[in-house]
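Below: one structure, written as structure tokens.
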Amino acid sequence: MKNHLQHLLRAGLTLLICVLAIPAAAQQWPSFMQALPIDNKVFDAIIDDVDENGRLDLVVTLRDQEIALVAYQKEPRHFETGPSAKITGFHADRLTLLPTPPHRYLLSAEGEYLLKVLGPDGQGGLKEISSYSQPAPFTATAFRWPGWGLSLAVSPYADDIVSLIRNFNVETGTAETEYSAGVENHTVPGEITVADLDGDGVDELLYATRRTRTIWRINYPQGDKKPESVKVWTTPKGHPRHVAVADLNGDGALDIVMPLQGKIGVLLNNGKGEFTEGPELPFPTQSFGPAHIAITTEHDGASLVVARSEQSVVLVRVQKNAAMNSEALELPLNAPWGQVLLLRDIDGDGETDLLLTTGEITNSLRIVYGPLWSHVKNWTQQQAQLQSQSQPKPEGASEPKQEGK
């Protein structure tokens, strides 16, 4: 009886907290931000039309519960979760969308020393298709080189190994061969970016080693050569987790954008894959960061750089010209950062949306709907106006006279 009463009291207290907290949180959010209906903390998420109904869905993992599931977009901006599948294993890390039919997703199952291929189970949930042994993988990126077919570039959780898995078969979890392209003592390589840096039609692999603040590239190996990492740049400060690419100055070459300590760094490409340090982009926030960066192109051709700070999202709009004229806005989230920062038109209205996660237990998976720049700009102006109106008037101040009176 005593235990039953304690259980009821705890349940009542939890309900009271929820009732009190939800309206307050809702008031702080702008109308263009949506929390997804997932009760537990989301660790990672990717975007895909899983059920092929023409609307994009969200494949998510809940690390603490070792669960993967799909949030299906039944109607624009209306999501319903499918069945949970306890398949991720202990301490699973990042998810990767594989560019192969049928729908396949690669999970870096760090705690089990495996790469797991997941796919739909035909009943709304997910199942494990195959697996591949890999020491403590943190994240993986799919790429193709001439003669390689579908291949994987895998970064470990903490070591200096960067594995290139050639001709990976997603259905059987087998590969033709595997290379190690990391650099000794350059540990904690982050997410690997695939981009054609020198304009020859063949992609390079680009990554950063956080402990040594160094940017590396892996070129396509000619002939019988083995792939190896070549140093691109060492940053004077900061510990970049990854890099992004975009043509910021409009010369047709992909430049490198890096999250550094309290700033957003830029390396300008001369079109031949050779880089020089460019002007920093503004990062107007008091929060620590940036940690993650994503980039999209606006309708007028400007680049929109989205950077995640500890408690907010910063948007930097960069005009595509030699001067790289830019302006920046901050959208407070009032929640610690998470792993996810993805740009995609999720609701199908023609505007780029932002998918992100926070460190909260509930409301951790959110969508900020576009047009991002104009939405955040208008909201910022409204907040400034409300704050101005709420300021007490100085003593003796009178109302301004209206014209004609």
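Just so you know, the sequence shown maps onto residues 81 to 485 in the numbering used here.
All C-beta atoms in this analysis are idealised placements derived from N, C-alpha and C, irrespective of residue type, glycine included.
Quantities reported herein were computed from a predicted structural model and do not represent experimental measurements.
So, using beta-carbon positions, are residue i and residue j closer together than 7 Å?
i	j	result
I253	Y212	According to the sequence as given, residue 253 is Gly; it is not Ile. In this structure, Y212 lies closer than 7 Å to G253 by Cβ.
Y185	L175	yes
A115	R446	yes
F223	D283	yes
A324	V312	no
G199	I209	yes
D433	G418	no
A374	L423	yes
A255	V234	no
Y259	L277	no
G169	E155	no
T442	V122	no
R157	D327	no
V250	L177	no
V140	D128	no
R290	H266	no
G395	V448	Looking at the sequence shown, residue 395 is not Gly but Leu. No. Outside cutoff.
G162	G229	no
D240	E271	no
L334	N350	no
Q153	N120	no
Quick check on residue i: does DSSP put it in helix, strand or coil?
i	result
R143	helix
A374	strand
H158	strand
G262	coil
E208	strand
G345	strand
V191	What sits at residue 191 in the sequence shown is Gly, not Val. Reduced to three states, the DSSP call for G191 is helix.
I102	Here the model assigns I102 a pLDDT of 36, short of 50, so the residue's position is not dependable and the matter cannot be decided.
K485	With a pLDDT of only 36 at K485, under the threshold of 50, the placement of this residue in the model should not be trusted, and no figure is reported.
W225	strand
Q366	coil
Q203	coil
T267	coil
K196	strand
A148	strand
Y237	coil
T289	strand
S213	strand
Q391	coil
A382	coil
S111	coil
V274	strand
T176	strand
E284	strand
L361	strand
R135	coil
T257	strand
T219	strand
D331	coil
I245	strand
S164	coil
F355	strand
I336	strand
I127	strand
So, under 8 Å CB-CB, residue i and residue j are touching, yes? Tell me the CB distance rounded to an integer number of Å.
i	j	result
L149	S164	5 Å
F159	P117	6 Å
V268	A238	6 Å
E378	W453	7 Å
A402	N329	6 Å
H171	R143	7 Å
K317	L340	7 Å
V398	V386	That belief does not hold up - the Cβ atoms of V398 and V386 are roughly 12 Å apart, past 8 Å.
L232	F248	5 Å
I295	L285	The pair is not a contact, with the Cβ atoms about 12 Å apart (cut-off 8 Å).
H322	A275	About 12 Å separates the two Cβ atoms, so there is no contact after all.
T412	G439	Contrary to the premise, residue 412 reads as Pro rather than Thr in this sequence. The pair is not a contact, with the Cβ atoms about 15 Å apart (cut-off 8 Å).
### Query
Could you give the uninterrupted runs of the alpha helix (DSSP H) lying entirely in the stretch 397–475, keeping only those of 4 residues or more?
452–470
### Ordered list of beta strand (DSSP E) runs contained in the stretch 292–326, each at least 3 residues
294–298, 309–314 and 324–326
### Query
Is the stretch 387–407 in contact with the stretch 366–377, if contact means three or more CB pairs nearer than 8 Å?
yes
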